[in-house]
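Each remark here refers to the structure printed beneath this line.
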Amino acid sequence: MAKRELPGHIAAALAAAGGAADSAGVSWAGRDLSGPGNPLHNFDRDDGSADAGVTAARAALLNGTGTEAAVVAALATARVFVPVVAQLGEEAAGAHGVAADKQADMALVTLQAPDGRRAMPVFTTTQALASWHPQARPVAVYAPRAALSAVAEQAELLVLDPGAELTFVVRRPAVWALAKQQEWLPSYQDESLTGAVAAAVAQEPRVLRAQLAPGSGVASRTAGGTIVAGGGSGPELALVLQAGDGLQPADLQSIAAGIQHRLGADRQFAERVDSLEVRFTR
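In terms of UniProt numbering, the sequence shown opens at residue 1 and continues consecutively.
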């Protein structure tokens, strides 16, 4: 068989880079770019199945023994699949005025959450991704890298396995924690927020008592209707207030709006709380 020559532009580029060897003088001949020796190929032998840690954490959440914090902690070291799709660009002008083929770029897939925010879907298995979007290409990445991509795409949420039996929503503070490779603590368990709440409520003398609790949107439902204590996309944190007697609905609305405004101006509170609901009790 005749020896195949490299295209001219590639041969020229190699010659400019040192010819048959790399910049360190190591020959290109016999170079193996697969396997653990090349960090660009961490997933060469990936079979597309789910990460065992994430599977265990979600199973525990389903049977009532786990937490959503444990699911996010498992994602911190897990491989997931991000869907990308081909996106055609405009036709480029070719030589002599002849139109060239359209250019195709690969684009990340994003979703719109029920509250209008942008979300990025990620999948634990190639099968789950293919079932959701047969035309999408699965790209294997570690979940923290997927979180960084979500931030870059101005997506506030990661949606794990949309369309599956259990779809788990990773909220904005947890997405940021994954991206920064930090531990995530749900806001309804974060005692450091009590100071900001106390300061905001102190300016409202008509409030007798304030307490933080999990919001009504923490829970989610499986496709079969089973309620799961985590992974929901609704209000994450509830501020339960006890107000004085004789207040009208307009008064309560004014109290809630004032407290929410003050809490929203607190940087730490705004970073650590995804969404807040205010409830009144007697």
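Every residue, glycine too, gets a C-beta built ideally from N, C-alpha and C. Here the structure is a predicted model, which means the values were calculated and not measured.
Inset, instruction - Taking W176 as the reference, give the member of A76, A57, H133 with the closest Cα. - result: Here residue 176 corresponds to residue number 176 of the sequence shown, with the count starting at 1. Nearest option by C-alpha distance: A76.
Inset, instruction - Check whether the region 206 to 222 touches the region 236 to 253, taking contact to mean three or more Cβ pairs, one atom from each stretch, closer than 8 Å. - result: yes
Legend entry - Beta-carbon gap between E146 and V54 smaller than 7 Å: Position 146 of the sequence shown, counted from the start, is the residue given in the question as residue 146. Position 54 of the sequence shown, counted from the start, is the residue given in the question as residue 54. Residue 146 is actually Ala in this sequence, not Glu. No; because the gap between Cβ atoms is not below 7 Å, this pair is not in contact.
Inset, instruction - May I ask which residues mark the beginning and end of the alpha helix (DSSP H) holding P144? - result: Along the sequence shown, one-based indexing puts residue 144 at 144. That run of the alpha helix (DSSP H) goes 143 to 152.
Legend entry - Pair within 7 Å by beta-carbon distance, A57 and G66: Here the question's residue 57 lines up with position 57 in the sequence shown. Here the question's residue 66 lines up with position 66 in the sequence shown. Yes; because the gap between Cβ atoms is below 7 Å, this pair is in contact.
Legend entry - C-beta atoms of A128 and A164 nearer than 7 Å: Position 128 of the sequence shown, counting from 1, holds the residue named residue 128. Position 164 of the sequence shown, counting from 1, holds the residue named residue 164. Against a cut-off of 7 Å, the Cβ pair of A164 and A128 comes out as a contact.
Legend entry - Contact set for P138: own chain, Cβ-Cβ below 6 Å, skip 5 residues either direction: For the purposes of this step, residue 138 is identified with residue 138 of the sequence shown, where counting begins at 1. Contacts found: F81, T126, L129.
Inset, instruction - Give me whichever residues DSSP pairs with P138 in a beta bridge. - result: Taking the first residue of the sequence shown as position 1, residue 138 is located at position 138. Answer is P83.
Legend entry - Inter-residue spacing [alpha-carbon to alpha-carbon] between F43 and P144: Within the sequence shown, the letter at position 43 stands for residue 43. Within the sequence shown, the letter at position 144 stands for residue 144. If you take the alpha carbons of F43 and P144, they lie about 15 Å apart.
Inset, instruction - Compute the beta-carbon to beta-carbon distance between V169 and G232, rounded to the nearest angstrom, for a pair I have assumed lies under 8 Å. - result: For this step, residue 169 is matched to residue 169 along the sequence shown. For this step, residue 232 is matched to residue 232 along the sequence shown. Right, the Cβ-Cβ distance comes to about 6 Å (below 8 Å), so this counts as a contact.
Inset, instruction - Would you identify the three-state DSSP class for L61, choosing helix, strand or coil? - result: By one-based count along the sequence shown, residue 61 stands at place 61. Three-state DSSP puts L61 in a helix.
Legend entry - Within 7 Å, strictly: CB atoms of G215 and L237: The residue labelled residue 215 in the question sits at position 215 within the sequence shown. The residue labelled residue 237 in the question sits at position 237 within the sequence shown. Going by C-beta atoms, G215 is nearer than 7 Å to L237.
Legend entry - Beta-carbon contacts of V278 that lie in its chain and below 6 Å, excluding the five residues immediately before and after: Counting from one through the sequence shown, the residue named residue 278 turns up at place 278. Taken in chain order, the residues that qualify are L239, A256.
Inset, instruction - With a threshold of 16 other CB atoms inside 10 Å of the CB of E271, please say whether the residue is buried or exposed. - result: For the purposes of this step, residue 271 is taken as the residue at position 271 of the sequence shown. If you draw a 10 Å sphere on the C-beta of E271, you find fewer than 16 other C-beta atoms in it, and that means exposed.
Legend entry - Exposed unless 16 or more other CB atoms sit within 10 angstroms - verdict on G264: For the purposes of this step, residue 264 is taken as the residue at position 264 of the sequence shown. Counting Cβ neighbours within 10 Å, G264 comes out exposed, since fewer than 16 surround it.
Inset, instruction - Identify the continuous beta strand (DSSP E) that holds Q242 and give its terminal residues. - result: For the purposes of this step, residue 242 is taken as residue 242 along the sequence shown, with counting starting at 1. Per DSSP, Q242 belongs to the beta strand (DSSP E) from 237 to 243.
Legend entry - Length at least 3, wholly inside the region 166 to 204: the beta strand (DSSP E) runs in chain order: With a minimum length of 3 residues, the continuous beta strand (DSSP E) runs that stay inside the region 166 to 204 are 168 to 170.
Inset, instruction - Mark E68 as exposed unless 16 or more other C-beta atoms lie within 10 angstroms of its C-beta, in which case mark it buried. - result: As a first step, residue 68 must be located in the sequence shown, where it is residue number 68. With 16 or more Cβ atoms within 10 Å of its Cβ, E68 is classed as buried.
Legend entry - Burial state of A73, where buried means 16 or more other Cβ atoms lie within 10 Å: On the sequence shown, position 73 is the one that residue 73 refers to. With 16 or more other Cβ atoms within 10 Å, it is buried.
Inset, instruction - Look at the alpha carbon of A50 and the alpha carbon of P114, and state the distance between them as a whole number of angstroms. - result: The residue labelled residue 50 in the question sits at position 50 within the sequence shown. The residue labelled residue 114 in the question sits at position 114 within the sequence shown. About 27 Å.
Legend entry - When R282, I259, S254, A229 are compared against D245, the one with the closest alpha-carbon: Locating residue 245 in the sequence shown gives position 245, where the first residue counts as 1. Comparing Cα positions, the closest option is R282.
Inset, instruction - Using only alpha-carbon positions, find the residue among L157, I259, V109 that is nearest to V201. - result: The residue labelled residue 201 in the question sits at position 201 within the sequence shown. Closest by alpha carbon: I259.
Legend entry - Close-in-space but distant-in-sequence residues of the same chain around V228 (CB under 8 Å, 5 per side omitted): As a first step, residue 228 is located in the sequence shown; it is residue number 228 there, counting from the start. Once the five neighbours on either side are set aside, the close Cβ partners of V228 are L61, L62, L166, A219, S220, R221, T222.
Legend entry - Secondary structure of V72, DSSP reduced to three states: Walking along the sequence shown from the start, residue 72 turns up at place 72. Three-state DSSP puts V72 in a helix.
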